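Colleague: Please read through the structure below; I'll follow up with questions.
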Amino acid sequence: MSAVVGVVTETLPNALYRVRLDEGSIVTAHIAGRIDRNFVRILVGDRVRIELSNNVTRGRIVEKL
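If you want the working numbering, it's the position in the sequence shown, counting the first as 1, plus 27.
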């Protein structure tokens, strides 16, 4: 998995987020368990670090910057 940085552009149902990466592509991401357990709130406009899966249209938010 590769880690990239992007900005949350949209909140979707079922704890999913649409994120625009710094390189320009858009991915759908869910929250990693560590962030979810610590009640970190993710809002539109937040910069986040994402681990991309092999399918580069999906990812996991691992850190709020």
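All residues carry an ideal CB built from backbone N, CA and C; glycine is no exception. Computed from a predicted structure; not experimentally measured.
(1) Residue range of the alpha helix (DSSP H) that G60 falls in?
(2) Rounding to the nearest angstrom, what Cα-Cα distance links T38 and L70 in this structure?
(3) Taking only three categories from DSSP, how would you classify T36?
(4) Considering only the alpha carbon of each residue, which of T84, N65, R74, T55 lies closest to N41?
(5) Provide the residue span of the beta strand (DSSP E) that contains G86, from first to last.
(6) Below 6 Å CB to CB, which residues in the same chain sit around V89 once its five sequence neighbours on both sides are set aside?
Modeller: In short:
(1) For this step, residue 60 is matched to residue 33 along the sequence shown. Membership of G60 in the alpha helix (DSSP H) is indicated by the continuous run 60-64.
(2) For the purposes of this step, residue 38 is taken as residue 11 along the sequence shown, with counting starting at 1. For the purposes of this step, residue 70 is taken as residue 43 along the sequence shown, with counting starting at 1. Approximately 8 Å, taken between the alpha carbons.
(3) Here residue 36 refers to the residue found at position 9 when the sequence shown is read from its first residue. In the structure shown, T36 sits in a strand (DSSP, three-state: E or B).
(4) Residue 41 sits at position 14 when you count from the first residue of the sequence shown. Nearest of T84, N65, R74, T55 to N41, Cα basis: T55.
(5) Start at 1 with the first residue of the sequence shown, and residue 86 comes out as number 59. First-last of the beta strand (DSSP E) with G86: 85-91.
(6) The count along the sequence shown starts at 1 and reaches residue 89 at position 62. Counting only Cβ-Cβ distances below 6 Å, and skipping sequence neighbours, we find A59, R76, E78.
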